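Chemist: Have a look at this one.
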Amino acid sequence: MAYQATKTALRRLVSAGVVPGVSYALIDGDRVETGQFGQAALVPTVEPLTAGMTYDLASLTKVVGTLSVTLQLLATGRLRLTDPITTWLPAFGDSRVTIQHLLTHTSGITGYIPNRNQLNAAELTRALLGLHVGPTFNVKMVYADVNYIFMGWIIEAILGEPVQVAVQKRVLDPLGMTHSTFTPADSHACVPTAITPSRGLVRGVVHDPKGYVLQRRCGSAGLFSTVDDLVRFCQAYCRPERVAAVLPPTWLHRLVADWTPNGRAGRSLGWALTATQWPTPHRVLWHSGFTGTYLVIDPQTAQAMVFLTNRVHPVAPNLPYLDQRNAVIGTYLAEKATI
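Encoded structure:
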């Protein structure tokens, strides 16, 4: 394995000051190369980035955790894509929205919640359930955390336990992701995220404001993990037959399809879709997290990339990162075809 262009692009993110540091893995079947560049923290003191550090995955929680449990429920018939979400969330009140709408971000659920970050969990729950369905319903993909917050509550209604508890028991533990957790025991083993006026330096506690309030009942954010654990997850995604009880193969193999209503929005269940031309034209799965994390998985070739940064440290949102992140993905997709 070489991936020299990809690793050069990763180093450039650090040397240009776009991110403090990068931890990565490049996966070709059972062959894996991992590494890290740069710093874990810049303030209040500079700390070197070392192997095995834990990252706040932010929205990767959606696909690693919440989607995985959802696919289990679909595979066992306890859930159907066509089910109205009001079956489990009657307080929402709009029966047009289905499980498939939540999973593909085509629910159209929208609305403004005043003083959202100052609400407690009960108040935020009521406010989210009070949102309305707007004009993008069923016609446009609009990425929104609320879809996977609702999905987490539906999982809780079916299984009788908070979504994060279900993810730990049904996904992380059986896959052997022993360093993945929603409640890190050692904050100093975690890479810090932003410094906020109300919370100071956020480290070892979920960065996402809604996740911070909802805690175990949040299906959109809150998971912490390491490069090695995410390698296990990506390899399982490429060979789901080995872990069929955790990642149902029939559903995993269908994820490279566009599941949006018009079939042209570049979105699967949970995952975003991109394309590669090697060895033949086909779709590739990817997803990102606000804190500066992403996964790219090509199930057809059993190749994947794990990319972890804390791009929001010490301040968010760090907009220059987004264009350069996409460029790195493009470099990786082009280069992996030559490996």
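Residues in the sequence shown are numbered consecutively from 1, following UniProt numbering. The beta-carbon is built from N, C-alpha and C at its ideal position, and this holds for glycine as well. Please read these numbers as outputs of a predicted model, since none were measured by experiment.
Buried or exposed for Ser95, please, with buried defined as at least 16 other CB atoms from any protein chain shown within 10 angstroms of its CB.
Modeler: Taking the first residue of the sequence shown as position 1, residue 95 is located at position 95. By the 10 Å Cβ count, Ser95 comes out exposed.
Chemist: Nearest by alpha-carbon distance to Asn318: which of Val142, Phe37, Ala194 is it?
Modeler: In the sequence shown, residue 318 corresponds to position 318, counting from 1. Of Val142, Phe37, Ala194, the residue nearest in Cα terms is Ala194.
Chemist: Please name the residue in Val43, Leu175, Ile85 whose C-alpha comes closest to that of Arg242.
Modeler: Looking up residue 242 in the sequence shown gives position 242. Minimum Cα distance to Arg242 is reached at Leu175.
Chemist: How should Lys62 be labelled, buried or exposed, when 16 other C-beta atoms within 10 angstroms of its C-beta is the threshold for buried?
Modeler: As a working note, residue 62 is residue 62 in the sequence shown. Buried: at least 16 other Cβ atoms inside 10 Å.
Chemist: Can you list, in chain order, the residues of its chain whose CB lies under 7 angstroms from that of Gly289, leaving out five sequence neighbours each side?
Modeler: As a first step, residue 289 must be located in the sequence shown, where it is residue number 289. Excluding residues within five positions, the ones whose Cβ falls inside 7 angstroms are Leu57, Ala58, Ser59, Leu60.
Chemist: What are the residues that DSSP puts in a beta bridge with Asp228?
Modeler: On the sequence shown, position 228 is the one that residue 228 refers to. Its beta-bridge partners do not exist; DSSP assigns none.
Chemist: Comparing C-alpha positions only, which one of Arg78, Val142, Leu129, Arg126 sits nearest to Ser107?
Modeler: In the sequence shown, the residue the question calls residue 107 occupies position 107. Selected option, being the one with the closest Cα: Val142.
Chemist: Please look up how many angstroms separate the CB atoms of Trp251 and Leu74, rounded, as I've assumed it's under 8 angstroms.
Modeler: Position 251 of the sequence shown, counted from the first residue, corresponds to residue 251. Position 74 of the sequence shown, counted from the first residue, corresponds to residue 74. Rounded, the Cβ-Cβ distance is 6 angstroms, consistent with contact.
Chemist: Residues in its own chain within less than 7 angstroms of Tyr237 by CB, not counting five upstream and five downstream?
Modeler: Here residue 237 refers to the residue found at position 237 of the sequence shown. Only Leu247, Leu252, Ile297, Pro299 meet the Cβ criterion.
Chemist: The alpha helix (DSSP H) that contains Phe150, what's its start and end?
Modeler: Along the sequence shown, one-based indexing puts residue 150 at 150. That run of the alpha helix (DSSP H) goes 145 to 159.
Chemist: Name the DSSP beta bridge partners of Asp56, please?
Modeler: Walking along the sequence shown from the start, residue 56 turns up at place 56. Its beta-bridge partners are Phe224.
Chemist: Enumerated in chain order, which unbroken segments of the alpha helix (DSSP H) with a length of 4 residues or greater are wholly contained in the stretch 36 to 94?
Modeler: As far as the stretch 36 to 94 is concerned, its whole alpha helix (DSSP H) runs of at least 4 residues are 67 to 75.
Chemist: Along the chain, where does the beta strand (DSSP E) that runs through Val22 open and close?
Modeler: For the purposes of this step, residue 22 is taken as the residue at position 22 of the sequence shown. 21 to 28 is the span of the beta strand (DSSP E), which, as asked, contains Val22.
Chemist: Assess contact between the stretch 203 to 213 and the stretch 263 to 274, defined as three or more Cβ pairs (one per stretch) separated by less than 8 angstroms. Is contact present?
Modeler: No: the two stretches stay apart, fewer than three of their Cβ pairs being nearer than 8 angstroms.
Chemist: What are the boundary residues of the alpha helix (DSSP H) that Gln164 is part of?
Modeler: Against the sequence shown, residue 164 aligns to sequence position 164. Note, Gln164: alpha helix (DSSP H), 163 to 167.
Chemist: Classify Gln303 as helix, strand or coil using the three-state DSSP reduction.
Modeler: Reading the sequence shown from its first residue, position 303 is the one you call residue 303. Reduced to three states, the DSSP call for Gln303 is strand.
Chemist: Report the three-state DSSP secondary structure of Val133 (helix, strand or coil).
Modeler: Walking along the sequence shown from the start, residue 133 turns up at place 133. Looking at Val133 - three-state DSSP - the assignment turns out to be strand.
Chemist: Just to confirm my understanding: we take residue 370, look at its own chain, exclude 5 residues before and 5 after, and list those with CB closer than 8 angstroms. What are they?
Modeler: The structure shown does not extend to residue 370, since the chain is modelled only from 1 to 339, so the question has no answer here.
Chemist: Establish whether the CB of Gln300 and some CB of chain D are separated by less than 8 angstroms.
Modeler: In the structure shown, chain D does not exist; there is a single protein chain.
Chemist: Out of curiosity, what's the CA-to-CA distance linking Leu201 and Ile155?
Modeler: Working through the sequence shown from its first residue, we reach residue 201 at position 201. Working through the sequence shown from its first residue, we reach residue 155 at position 155. The straight-line gap from Cα to Cα measures roughly 32 angstroms.
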